[in-house]
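Student: In the working numbering, the protein residues as written are 86 to 395.
Quick one: the structure is below, and I'll ask about it shortly.
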Amino acid sequence: MESVTQFVSSNASLLNTLFFLLVAVLVLYVAVTYLYPGTSPTYTRFLGADVDARRLVKLDERYTPAIYTGGDFTLSFWMYVDDWNYRAGKYKYVFSLKPAQLYGRAHSSLVGVLMPQTNAMKIRAHTVKGDEEGPDITDEETLKTLMNGGGSFGVSESYNAPCDINEVPLQRWVCVTIVSSGRVLDVYMNGKLSRSCVLKNVLEVPRGQMTLSLGEHGGFGGRYSSVQMWNQQLTPDVIYGIYQMGPTQVTSNIFTDLAKFLGINVRFTGPDPPNMEANRESCAAQDMIEKPDWMNNIQQLKSDFIGLRF
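Below, the structure is given as structure tokens:
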């Protein structure tokens, strides 16, 4: 017994450090698990690794979390536009949030397309009383005709609406987060609020299961990564934290999640996009390595626990 006491006394500093590290790991794991639960009715991770955006994407999960008309939800995804000449002069499909089963004159609740002449993104929501501005690209048939280059829609006339993104950076990863709450639609770019609009009516969500479509109608010249959705309104600080984690999160175990949370994993699992090394500053995880604020937090926790004795 005396030998045990002597060992503890002589190694108190080491034991304090080990205890602190254990607590720190548990706290970080709880935080990451809260943001990225493995299976939850409030959260869906559609995609982890980056994939080609020029063809229909096979998602890891088919259905969205349960969302309702007028309710809250958050959609977040990373995109990389590497070839603007792809589908030159045509609209480029980015995403649509729509019913899993389409009946009759179906509408998507939310649609995003890139403009044909400028690197801007048009974002449109379908409300309970329909779209007051024409053309209604949330209508499946209208969207299909537009993507095929048919019709005389004059969509550009409604460009620069409050929800549109004026400029999507090219040749770099961009984090887009869309938050819907009642009549309010907020669009974040790289963790910061870019556009905010008040719809004339609440966003309509059809009854039944909903799904997210990526890469449909030829998509766009680039890649998707880390596509996920919550059925709640995420706060700005959480949204910025998602941006800081970077564009690729391949698995969902404690080791990879903590590495991503700490900004350690900055590599891409798929083929490297062109000029990736020249644009690494677009990934916030790289910023965290250069300016590791989390180390300051750990040091503070250590000072709090250092006085603990066994």
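Think of the CB as a built atom: it goes at the ideal place given N, C-alpha and C, for glycine as much as any other residue.
A quick note: this is a predicted structure, and the numbers were derived from the prediction, not measured.
Would you call the region 282-291 and the region 165-172 touching, i.e. three or more CB-CB distances under 8 Å?
Tutor: Verdict: no, contact absent.
Student: Leaving aside the five residues before and after PHE180 along the sequence, list all residues of the same chain whose C-beta is less than 6 Å from its C-beta, in chain order.
Tutor: Counting only Cβ-Cβ distances below 6 Å, and skipping sequence neighbours, we find GLY197, LEU299.
Student: Name the two residues that bound the continuous alpha helix (DSSP H) containing LYS229.
Tutor: Counting along the chain, the alpha helix (DSSP H) containing LYS229 begins and ends at 225-232.
Student: List the residues that DSSP assigns as beta-bridge partners of SER98.
Tutor: Note: SER98 sits in no beta bridge, so no partner.
Student: Please specify which runs of the beta strand (DSSP E), each continuous and at least 3 residues long, are wholly inside the region 278-328, giving them in chain order.
Tutor: Within the region 278-328, the complete beta strand (DSSP E) runs of at least 3 residues are 295-299, 307-315.
Student: Taking Cβ positions, are LEU270 and CYS248 nearer each other than 7 Å?
Tutor: Taking 7 Å as the Cβ cut-off, LEU270 and CYS248 qualify as a contacting pair.
Student: If I measure Cβ to Cβ from VAL312 and keep anything under 6 Å in the same chain, skipping five residues before and after, which residues do I get?
Tutor: Closer than 6 Å at Cβ, skipping near neighbours: PHE131, LEU132, PHE162.
Student: If I follow the unbroken beta strand (DSSP E) through MET206, where does it start and stop?
Tutor: Its beta strand (DSSP E) spans residues 206-210.
Student: Does the beta-carbon of ASN275 have 16 or more other beta-carbons within 10 angstroms, so that it is buried, or is it exposed?
Tutor: By the neighbour-count rule (16 or more Cβ atoms within 10 Å), ASN275 is buried.
Student: Going along the chain, which residues of its own chain have a beta-carbon closer than 8 Å to the beta-carbon of MET295, five neighbours each way excluded?
Tutor: Answer for MET295: TYR148, THR149, ILE152, LEU182, LYS183, PRO184, ALA185, SER194, listed in chain order.
Student: Kindly list the residues whose CB is nearer than 6 Å to the CB of THR159, restricted to its own chain and excluding five residues on each side of it in sequence; keep chain order.
Tutor: Cβ neighbours of THR159 beyond the five flanking positions: VAL264, TRP315, LEU319.
Student: Could you name the residues of the same chain whose beta carbon sits closer than 7 Å to that of PRO201, not counting the 5 residues immediately before and after it, in chain order?
Tutor: Answer for PRO201: GLY174, LYS175, TYR176, listed in chain order.
Student: Could you round the C-beta distance between ALA138 and TYR309 to whole angstroms and report it? I think they count as a contact, below 8 Å.
Tutor: Confirmed, about 5 Å.
Student: For ASP135, count neighbouring Cβ atoms within 10 angstroms of its own Cβ and tell me buried if that reaches 16, exposed if not.
Tutor: That one is buried.
Student: Measuring only the C-alpha atoms, how far is ALA224 from VAL213?
Tutor: Sequence inspection shows Asp at residue 224; the Ala mentioned does not correspond to that position. The straight-line gap from Cα to Cα measures roughly 13 Å.
Student: Measuring CA to CA, which of ARG268, SER266, TYR165, MET330 is closest to VAL253?
Tutor: Answer by Cα proximity: TYR165.
Student: Does DSSP put VAL261 in a helix, a strand or coil?
Tutor: Note: VAL261 maps to strand in three-state DSSP.
Student: Could you check the C-alpha separation between ASP157 and SER94 for me, to the nearest Å?
Tutor: Going by the C-alpha atoms only, they are around 54 Å apart.
Student: How big is the Cα-Cα spacing for LYS207 and LEU255?
Tutor: Straight-line Cα distance between these residues: approximately 16 Å.
Student: Check whether the Cβ atoms of THR127 and GLU146 lie closer than 7 Å to each other.
Tutor: Against a cut-off of 7 Å, the Cβ pair of GLU146 and THR127 comes out as no contact.
Student: With ILE250 and ALA210 assumed to form a contact (beta carbons below 8 Å), what rounded beta-carbon distance in angstroms separates them?
Tutor: Wrong, their Cβ atoms sit about 14 Å apart, outside the cutoff.
Student: Classify VAL112: buried if its beta carbon has 16 or more other beta carbons within 10 angstroms, exposed otherwise.
Tutor: When all chains shown are included, VAL112 counts as exposed.
Student: Note down the Cα distance separating ALA109 from THR262, rounded to an integer number of angstroms.
Tutor: Roughly 29 Å separates the two Cα atoms.
Student: Give the range of the beta strand (DSSP E) segment to which TRP163 is assigned.
Tutor: From DSSP, the beta strand (DSSP E) with TRP163 extends over 157-166.
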